[in-house]
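Trainee: Can you read through this structure? Questions will come right after.
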Amino acid sequence: MSLATLKSRVSRPSPPTASRSPRSNPPPSMVRRASVLERLVARRMLHSIGSPRAAIVFWDGVEIAGGAAAPLARVRFRDRATFWKVALDPNYQFGEAYADARLEVEGDLVEFLETINRSRAAAGRSGSLVPAALLGRVHRAAANTTRGARRNIHHHYDLGNDFYRLWLDDDMVYSGAYFSRPSMTLEEAQRAKLNHVCRKLWLRPGETVVEIGGGWGALSLLLARDYGVVVKSFNISREQVEYARRRAKNEGLAGRVEFIEDDYRNAAGRFDALVSLGMLEHVGKKHYREFGRMADRCLNAAGRGLIQSIGQDRPGVTSSWIERRIFPGAYPPTLREMTDIFETPGFSVLDVENLRPHYAETLRRWLGRFEASADRAAEAFGERFVRAWRLYLSGSIAAFSTGGLQLFQVVFARSGANDVPRTRRAVYEFGS
Numbered sequence: 001m002s003l004a005t006l007k008s009r010v011s012r013p014s015p016p017t018a019s020r021s022p023r024s025n026p027p028p029s030m031v032r033r034a035s036v037l038e039r040l041v042a043r044r045m046l047h048s049i050g051s052p053r054a055a056i057v058f059w060d061g062v063e064i065a066g067g068a069a070a071p072l073a074r075v076r077f078r079d080r081a082t083f084w085k086v087a088l089d090p091n092y093q094f095g096e097a098y099a100d101a102r103l104e105v106e107g108d109l110v111e112f113l114e115t116i117n118r119s120r121a122a123a124g125r126s127g128s129l130v131p132a133a134l135l136g137r138v139h140r141a142a143a144n145t146t147r148g149a150r151r152n153i154h155h156h157y158d159l160g161n162d163f164y165r166l167w168l169d170d171d172m173v174y175s176g177a178y179f180s181r182p183s184m185t186l187e188e189a190q191r192a193k194l195n196h197v198c199r200k201l202w203l204r205p206g207e208t209v210v211e212i213g214g215g216w217g218a219l220s221l222l223l224a225r226d227y228g229v230v231v232k233s234f235n236i237s238r239e240q241v242e243y244a245r246r247r248a249k250n251e252g253l254a255g256r257v258e259f260i261e262d263d264y265r266n267a268a269g270r271f272d273a274l275v276s277l278g279m280l281e282h283v284g285k286k287h288y289r290e291f292g293r294m295a296d297r298c299l300n301a302a303g304r305g306l307i308q309s310i311g312q313d314r315p316g317v318t319s320s321w322i323e324r325r326i327f328p329g330a331y332p333p334t335l336r337e338m339t340d341i342f343e344t345p346g347f348s349v350l351d352v353e354n355l356r357p358h359y360a361e362t363l364r365r366w367l368g369r370f371e372a373s374a375d376r377a378a379e380a381f382g383e384r385f386v387r388a389w390r391l392y393l394s395g396s397i398a399a400f401s402t403g404g405l406q407l408f409q410v411v412f413a414r415s416g417a418n419d420v421p422r423t424r425r426a427v428y429e430f431g432s
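Okay, so the sequence shown: first residue is 1 according to the working numbering, each after it adds one.
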C-alpha cells in the first residue's frame, strides 16, 4: 500500500486538524502582555521540575528562565489559552500543543527533554511541564482484553507498512537493536540483536519455537533460515501478518514458518522454546499471570524462553497523551511486576540483561531516518501527525538515555532444568 492511499485509512493521532505553520505575531500594541499571575505560574512550573536549564517564553516575548545558567532550550507559547491548558494539564496538553504548533521548543528537542528528566531526578521533584511518559514514567493503560488488545494494536501498528518502512531497518524490526560496535549500521545492529536472542535460547536444528507478537516476521524468518527450527508466530496485527506471510513465501520458508493472526491467549501446541520481543508492553500487568499460563501450556518439559520488554525501575504515573495519541494500552513493567509471569507456572529466571543504552541508540537512528522522510510522511498523514511522532521518538530517546526507561531481556526455563549452559560464553563468543 502506498503512502498516498493511507490518507483515507489511517487512524490519526487526533481528530482532523488543519496543519498549522508558525503564525506571525501581531503588532506589539495589539498583544496582551503576560500577567503577573502567569509569570508566577511559569516560575512555579519550572521550579516543580527542578529549575532546569530551560526557559518559558510568552507570546509577548517575556522570558522566564528556570535557573541562573543560560537556557539550553526555550518553550515558546504562541497564545495565552495554550499556556493555561499546559499549565493545568501538562500530561496531555503539552503534546497536543506541540503537535498543533501552538507551542514550539526552540533548541534541540531531545536535549530539552533530557535536561528536564535529569533536573527532575536530581531535585527529586514530581512536577511536570511535558508528558510524564516522555520522561519514562508510565503507569495506567487501557484495558487489554482480547478485544481491547486488538483495537490498541491496530491504532499503532496498522498505520501502514509504508509508514514504518520510511524509518525502520530493511527487515522492519521494531524493537531495540544491539550495537556491539558503535559503528554498526541499524541493519547490522538489528541482525546482531536477533542472533543475540537466538543464542540465548541455545537452539538445536529441528526444534520448535513459538513467537508471541512477531511484528513483520524478521525473527521467525531468521530462526527458520539460519537456525533450522520450525516456528509458529502469533500476532493480532493484520498488516504485519500479511507482510510476514509474503516474505516467508518469497524466501521459500512457508513450510517452516507459520504466521497466525490470533491473540497470544489462543496460542496452542507444545514447543521447545518461546520468544517474545517488544510485545509484553502491550499485555498489561493485570494479564501477566495469564501470559505465564500460556507459556506454561506451550512449553514442553525442557522448554525455555526469552522475553524482551521495555521496562522501568519503579512504577510511575500516567501520560494521557501517549495513551490516547500514540500507544493505547502500553505499559512498561518493572522487573518485580514481570515475576508474575514466571512464579505461577514455576519457571526459573536464568538470566537478565538490561540493554537500555542500545535502545537509546536505536531510537536515535530511527529519529534520524524519520526526519529524513518527514516530508513524505507529512504528505500522507499531515504535519500534525509528523510533529506528534517527532515528539514521541524524541521523548523516548530522552527516557532511555537518562534512565527513565529500561530494556530488559529475561531468559527463563522450567524449574529444575539442568540442560542449560553453565556460562554466558555461548552467547558472546561468536561475536555479532
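All C-beta atoms in this analysis are idealised placements derived from N, C-alpha and C, irrespective of residue type, glycine included. As the structure is a prediction and not an experimental result, all values here were calculated from the model.
Which word fits E81, buried or exposed, when buried means at least 16 other C-beta atoms lie within 10 angstroms of its C-beta?
Mentor: Strictly speaking, residue 81 in this sequence is Ala, with Glu absent from that position. Of the other Cβ atoms in all chains shown, fewer than 16 fall within 10 Å of the Cβ of A81; this residue is therefore exposed.
Trainee: Beta-carbon within less than 7 Å of D296's beta-carbon, same chain only, minus the 5 sequence neighbours each way: which residues are those?
Mentor: P345
Trainee: Quick one: any contact between the stretch 385 to 397 and the stretch 410 to 425, if contact means 3 or more CB pairs under 8 Å?
Mentor: no
Trainee: What are the partner residues of E104, as DSSP defines its beta bridges?
Mentor: R76
Trainee: May I ask which residues mark the beginning and end of the alpha helix (DSSP H) holding T208?
Mentor: Where T208 is concerned, there is no enclosing alpha helix (DSSP H), although the beta strand (DSSP E) it sits in stretches over T208 to I212.
Trainee: Taking the alpha carbon of V427 as the point to measure from, which residue in A122, R199, A69 and G228 has its own alpha carbon closest?
Mentor: R199
Trainee: Tell me where the beta strand (DSSP E) around R299 begins and ends.
Mentor: The sequence given here places Leu at residue 299; Arg does not occur at that position. Element bounds for L299: L299 to G311.
Trainee: If we ignore side chains and look at the alpha-carbon of each, how far apart do V62 and P315 end up?
Mentor: 37 Å
Trainee: Tell me the DSSP secondary structure of S51 in three-state form.
Mentor: It is coil, neither helix nor strand.
Trainee: Does DSSP classify S320 as helix, strand or coil?
Mentor: helix
Trainee: Between which residues of its own chain and V110 is the CB-CB distance below 7 Å, once the five residues before and five after are set aside?
Mentor: S394, I397 and A398
Trainee: Using a threshold of 8 Å, state whether the C-beta atoms of V352 and V283 are closer than that.
Mentor: Taking 8 Å as the cut-off, the Cβ atoms of V352 and V283 do not count as close.
Trainee: How many Å lie between I260 and V173 at the Cα?
Mentor: 18 Å
Trainee: What do you get for R270, buried or exposed, if any count of 16 or more other CB atoms within 10 angstroms of its CB means buried?
Mentor: exposed
Trainee: Tell me the DSSP secondary structure of L201 in three-state form.
Mentor: DSSP places L201 in coil when its eight states are reduced to three.
Trainee: From the DSSP output, in three-state form, read off S490 for me.
Mentor: Residue 490 is absent from the structure shown; the chain starts at 1 and stops at 432.
Trainee: Looking at the secondary structure, which residues open and close the alpha helix (DSSP H) in which A374 lies?
Mentor: A374 to F381
Trainee: Quick one: what does DSSP say G95 is sitting in, helix, strand or coil?
Mentor: helix
Trainee: Go through its chain and collect everything with a Cβ distance to Y359's Cβ below 6 Å, but skip five positions before and after it.
Mentor: G176, F400 and L407
Trainee: In terms of DSSP beta bridges, what is F234 paired with?
Mentor: I212 and I260
Trainee: Out of E96, V75 and L88, which one is the CA nearest neighbour of E104?
Mentor: That would be V75, whose Cα lies nearest to the Cα of E104.
Trainee: Can you name the residues that DSSP bridges to A273?
Mentor: V209 and R304
Trainee: When DSSP labels each residue in this structure, what does N195 get in the three-state scheme?
Mentor: helix
Trainee: Taking C-alpha atoms, which residue in R325, E379 and P332 lies nearest to Y433?
Mentor: Residue 433 is absent from the model: the chain starts at 1 and stops at 432.
Trainee: Taking the continuous alpha helix (DSSP H) assigned at V110, which residues delimit it?
Mentor: It spans L109 to A123 - the alpha helix (DSSP H) in which V110 sits, taken as one unbroken run.
Trainee: Helix, strand or coil for V241? Go by DSSP, reduced to three states.
Mentor: helix
Trainee: Measure the alpha-carbon distance for S185 versus E371 and round it to whole angstroms.
Mentor: Note on identity: in this sequence residue 185 is Thr, with Ser being the wrong assignment. Take the alpha-carbon of T185 and the one of E371: they are about 17 Å apart.
Trainee: At what residues does the beta strand (DSSP E) containing E63 begin and finish?
Mentor: E63 to A65
Trainee: Taking C-beta to C-beta, are A330 and F163 nearer than 8 Å?
Mentor: no
Trainee: Counting only runs that start and end within the stretch 345 to 413, where is the alpha helix (DSSP H) found for 4 or more residues in a row?
Mentor: 356 to 372, 374 to 381 and 383 to 401
Trainee: From the DSSP secondary-structure annotation, give me the bridge partner or partners of V57.
Mentor: E63 and R76
Trainee: The alpha helix (DSSP H) spanning R425 covers which residue range?
Mentor: R425 to Y428
Trainee: Mind checking E281: buried by the 16 CB within 10 Å criterion, or exposed?
Mentor: buried
Trainee: Could you tell me the alpha carbon to alpha carbon distance between G303 and Y98, rounded to whole angstroms?
Mentor: 48 Å
Trainee: Specify the secondary structure class of G446 as computed by DSSP and reduced to three states.
Mentor: With the chain running from 1 to 432 in the structure shown, residue 446 is simply not present.
Trainee: Please go through the same chain and pick out, in chain order, the residues whose beta-carbon is closer than 7 Å to the beta-carbon of L363, but skip the five residues on each side of it.
Mentor: Spatial neighbours of L363 in its own chain (CB-CB distance under 7 Å, excluding positions within 5 residues in sequence) are listed in chain order as L393, S396, I397 and F400.
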